[in-house]
Amino acid sequence: MIAGIPYDGSAVYRRGAARAPAELRRLSAALPPVDERGRRLQGLTVHDLGDLSMGASVEVGWPSVAERLGEVPSTAFLTVLGGDHCSAIPVLAAQARRHPDLAVLWVDAHPDLCDHSRGGRWTCGCALRRSLEVAGLAPGAVALAGCRDFDPEEVDFVRERGVAMVTAWELATEPAAVGRLCARLEGRPVHLSLDIDALDPAFAPGTEIASAAGLSTRQALQLLDAVARAGRLVGMDVCEVAPPLDHADITVLAALKLIFETWARVAMTDADR
Ligand SMILES: [Mn+2]
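With my numbering applied, the sequence shown covers -16 to 256.
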């Protein structure tokens, strides 16, 4: 099940992510239903709920979006096209209702764990912090990956509240890092929240706050492989793709690649892995 959340009212630097759902849908026609290893995406039926409106502000608009997403049968894999990263707030609220014992893999250059950031409590730097609150998720249910830009209070929150984190530096230098992450997700339903700025700006330039020294698309796919084996993927959101800031659709196409490859891993049987 697909839904779009064309909302970028929480962006503090550059807007444009509201245009991502339409561009992702438009360019999705360019990708055939065959994965990167040449296997057909079989047994998948795609339903598109269309776009859901958050109104003028996520602070007021998240409950109605969460309610609509929460009505999607829990057997369906939920794919949400953001929006800035505050689009993930209603998604995680819905996923926590649909899947008891939910774990969240938050792949992002930034942890988004500030209580207050850049002028508000509902800005993108607070997206994960607010998500945990409204979804009723414990910090121990979260694993962060690809982080490399931090506010001091986020580092404290990660350490003191038991959030699992594998930084971009660790992914590049420690072969065992992914294993540590997977231990947190082992056997649980896992929602993947993918901020496209986790990728290096060379691979995804069209985003609100591009952050150097990030993941290659290949590293992101390797992470996905490991996570799909450890947990049971039950949904994903892809946020912060900003078409007006993109170059030659590089970022939109990278996001689509990651969505299609995630679907391929969800559709795979254990024998395929
Ligand atoms: Mn983010």
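Backbone N, C-alpha and C define an ideal beta-carbon position, used for all residues, glycine too.
**OP:** Buried or exposed for Gln25, please, with buried defined as at least 16 other CB atoms from any protein chain shown within 10 angstroms of its CB.
**Re:** Gln25 comes out exposed.
**OP:** For Asp95, verify whether its CB is less than 7 angstroms away from any heavy atom of ligand 1.
**Re:** True, at least one ligand heavy atom lies under 7 angstroms from that Cβ.
Original post:
How would you call Pro172, buried or exposed, if buried means at least 16 neighbouring beta carbons within 10 angstroms?
Top reply: If you draw a 10 Å sphere on the C-beta of Pro172, you find 16 or more other C-beta atoms in it, and that means buried.
**OP:** Under 7 angstroms Cβ to Cβ from Val(-5), same chain only, skipping five residues before and after it: list those, please.
**Re:** Same-chain partners within the cutoff: Arg101, Gly102, Thr106, Cys107.
**OP:** Provide the residue span of the alpha helix (DSSP H) that contains Cys271, from first to last.
**Re:** Only positions -16 to 256 of the chain appear in this structure, which leaves residue 271 out of reach.
Subject >> Alpha carbon of Leu216 to alpha carbon of Ala250, nearest angstrom >> reply: When rounded, the separation of the alpha-carbon atoms in Leu216 and Ala250 is 10 angstroms.
Original post:
According to DSSP, is Ser11 helix, strand or coil?
Top reply: Three-state DSSP puts Ser11 in a helix.
Subject >> Residue of Cys69, Ser70, His30 minimising C-alpha distance to Val55 >> reply: For Val55, the nearest C-alpha among the options comes from His30.
Subject >> Runs of beta strand (DSSP E) lying entirely within the stretch -5 to 61, each at least 3 residues, in chain order >> reply: Under the rule that a run must span 3 or more residues, the beta strand (DSSP E) segments found entirely inside the stretch -5 to 61 read 31 to 34.
**OP:** On a CA-only basis, which of Ala126, Val17, His99, Leu27 is nearest Gly214? Give me that one, please.
**Re:** Closest option to Gly214, Cα to Cα, is Ala126.
Original post:
Quick one: does the C-beta of Cys107 sit closer than 7 angstroms to a heavy atom of ligand 1?
Top reply: Remark: the C-beta of Cys107 is in contact range of ligand 1, defined as less than 7 angstroms to any heavy atom.
Original post:
Between Ala124 and the rest of its own chain, which residues show a CB-CB distance below 7 angstroms, the 5 nearest in sequence each way excluded?
Top reply: Same-chain partners within the cutoff: Leu85, Ala86, Val87.
**OP:** Tell me Ala193's beta-bridge partners as DSSP assigns them.
**Re:** In DSSP, Ala193 forms no bridge with anything.
Original post:
Considering only residues of the stretch 118 to 183, which uninterrupted beta strand (DSSP E) runs meet the minimum length of 3 residues and lie entirely inside it, listed in chain order?
Top reply: Complete beta strand (DSSP E) runs here, min 3: 125 to 130, 147 to 150, 172 to 178.
Original post:
Heavy atom of ligand 1 less than 7 angstroms from the Cβ of Asp91, yes or no?
Top reply: Yes, the beta carbon of Asp91 sits closer than 7 angstroms to at least one heavy atom of ligand 1.
Subject >> Glu223 CB to nearest heavy atom of ligand 1 below 7 angstroms >> reply: Answer for Glu223: yes, Cβ within range of ligand 1.
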